[in-house]
Amino acid sequence: MGPGRLLQSLLLCCRRAAAALGTARCGCGPSSVRPLSAALGLRAPQRPPGRGEPPRAGGGGRWKEVAGAGGDEEEEDDDEEDVEEEDVEELLGPPPLALGLGAQRLAVVQPAVKWGPKKSPLTTAELQIAEAIALADTLPNWTVLDKIIIPTKNPDKKLVFGKGNFQALTEKIKKLPHVTAVFLNVERISSLTKKELEDAWGVKVFDRYTVVLHIFRCHARTKEAKLQVALAEIPLLRSNLKNEVSQLDQQRGGSRYIMGSGETFMETQNRILKEKELKIRNALEKLRRKRSLLRTQRRKREFPIISVMGYTNCGKTTLIKALTGEAGLQPRDQLFATLDITAHAGYLPSHMAVIYVDTVGFLTDLPHNLVESFSATLEEVAYSDLIVHVRDITHPETVLQKATVLSVLKNLNLPGHLLDSMVEVHNKVDLIERYKPTEENALAISALRGHGLEELKEEIEKKILTATGKKILTLHVNLEGPQLSWLYKEATVQEVDVIPEDGTAKVKVIIGNSAFGRYKNLFPNSKIFMP
């Protein structure tokens, strides 16, 4: 495309964006994809299954939306009307990465730091490039043709490698005739470095940030995930804009102002990006408020919430499927298969109903602003009663992966008691003969084979009782009155010992503080036996 046509195309984009910003309304209509907050507005089944019986797949295992919320429900609808699917697609826009069209044939390049502060003691260049290849394999129509490990003293230097190694790498890439792009496995490269590398190698160059962001875009399903991807793309759009303006200035020279507006092309585009960022943040805030409302409704019903977290592809979804018996869950063996937070119902050994929250996986060497873009989603973790940290204990970098997850969790400023009570789970032990955890209090399981799940449920129940302050009580109830049906609805009934002589029963329950207070007000004459 010549400079004249390029400028014409960019000006047209300016006009469309300006018109959209002037007339677009943040409204909402029905969507085929349910937003995250709707997935978390849930109601427990009225009665638990029999002792030891898991929730039925497709029935008790999936939670239903909160109904009959009165005024709260109307407020939900108002918020939903503020974020239309069309507006989300407009804010997301076309891919800024020049990645989405057609197939890519890659050479994956890994800088190998031999010594110094940039060398990680918990990994090797071979393991790092293996993860980079797994990232590329996650994307459809992407093929890795070659993998190259090149030593470097300092990966932060302008061209990443020293002069001799850079020249050798350049010759090797140019001898790969079918390569269309290079995936340089570093956290982020500057726009200037990217341009110089592309000029030297004659193909597109992607860093880790760009590839992961493209995976996020491909896997985003809900409005909130799409908006968070759009927010994470803003820095990349700004970087691309600098390159485009630089090329235009070199090609055409002359006036840099648009049609006598007194505003340069760079200023116009930066203004549009700033306005777009503001609209995205506003839309995310509306979804955040809706999620907060639903969270309040769940708190009223006192459902314990368990966030299942871990490094990407560690088996979180497989574990939740095993704990809940939910047939609709389809775990996939790929990185970032789960990008949207979802909630699923399960029962603990005492019949207590709980919500398991499946979260986005973590990854080493992700830029801070990419994690920050998903902070709205990850804030749900702060309102959990318990965190279950799942580890793929078979992975050669399992120690580094644990450190990555713990680092991100600490940066989320979670309450101290959540971090202290966290349950660590060593998954995939069926692949290691006679495995025993070396970490104190870690539980060995196989989510796929079902090994160790009963012990895990018991540990979760013990931690949940401590975290929520629920009481285990025995209540003396009259079977002719409404007490027993009320307890089945508002508490977890464990045992019913009927006394036929006087038409009463001793009922052992797990009950929350507020429900217990309501019970005493409704049935003041009921006898209560403390354990």
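Going by this note's numbering, the first residue of the sequence shown is number 40, and it counts up by one from there.
Cβ coordinates follow ideal geometry from the N, Cα and C atoms, glycine included.
In the three-state reduction of the DSSP assignment, Leu223 falls in the strand class. Counting C-beta pairs closer than 8 Å gives three or more between the segment 305-321 and the segment 258-275, which meets the contact rule.
In the DSSP assignment, Leu236 falls within the alpha helix (DSSP H) that extends over 230-240. The beta carbons of Val396 and Val447 sit no closer together than 8 Å. One thing to note: Thr191 has its Cβ no nearer than 8 Å to the Cβ of Leu145.
In this structure, Gly491 lies near Ala483, with their beta-carbon atoms less than 8 Å apart.
Shown here, Ile254 sits in a helix according to DSSP, grouped into three states. Distances from the alpha-carbon of Asn352 to those of Thr249, Leu453, Lys467 put Lys467 closest. Within its own chain, the residues whose Cβ lies closer than 6 Å to the Cβ of Phe205, once the five positions on either side in sequence are excluded, are Leu198, listed in chain order. Between the C-alpha atoms of Lys202 and Val152 there is a straight-line separation of about 15 Å.
For Ala481, no beta strand (DSSP E) encloses it, and the DSSP letter there is neither H nor E.
Residue state for Tyr248 is assigned as helix, using DSSP reduced to three classes.
The beta carbon of Asn309 sits closer than 6 Å to none of the beta carbons in its chain outside the five residues before and after it. Apart from sequence neighbours up to five positions away, the residues of its chain that approach Ile212 with a beta-carbon distance below 7 Å are Ala146, Val218, Val221, Trp240, ordered along the chain.
Contact between Ile380 and Phe342 is absent: CB atoms are separated by about 16 Å, not below the 8 Å threshold. Taking every protein chain shown into account, the CB of Gln369 has fewer than 16 other CB atoms within 10 angstroms, so this residue is exposed.
With 16 or more other Cβ atoms inside 10 Å of its own Cβ, Thr357 counts as buried. Scanning its chain for C-beta atoms nearer than 6 Å, with the 5 sequence neighbours on each side dropped, one finds no residue around Glu324. Around Asp469, the same chain offers Ser485, Leu487, Arg488, His490 as residues with beta carbons nearer than 8 Å, after the five sequence neighbours per side are excluded. Ranked by how close their Cα comes to the Cα of Ile228, the residues Ala259, Pro160, Lys196 have Lys196 in first place. For Thr381, the secondary structure class from DSSP, reduced to helix, strand or coil, is strand. In this structure, the straight-line span from the alpha carbon of Met461 to that of Leu223 is close to 36 Å. Taking a contact as a CB-CB distance under 8 Å, the pair Leu518 and Gly542 counts as one, their CB atoms being some 5 Å apart.
The shortest C-alpha to C-alpha distance from Thr477 to any of Ile567, Ile432, Lys234 is the one to Ile432. Ranked by Cα distance from Ala530, the options Ile538, Ile345, Asp536, Phe555 are led by Phe555.
Note: Gly364 is not bridge-paired with any residue in the DSSP secondary-structure output. Here Pro194 has Pro150, Val152, Lys157, Val225 as same chain residues with Cβ atoms under 7 Å from its own Cβ, once five neighbours each way along the sequence are excluded. Within the model, the alpha-carbon separation for Glu365 versus Gly354 is close to 15 Å. When the beta-carbon positions are compared, Thr261 and Glu436 stay at least 8 Å from each other.
By the CB criterion at 8 Å, Ser389 and Ile549 fall inside the cutoff. Beta-bridge partners assigned by DSSP to Asp397: Val347, Thr381. The C-alpha of His456 lies about 11 Å from the C-alpha of Ala421.
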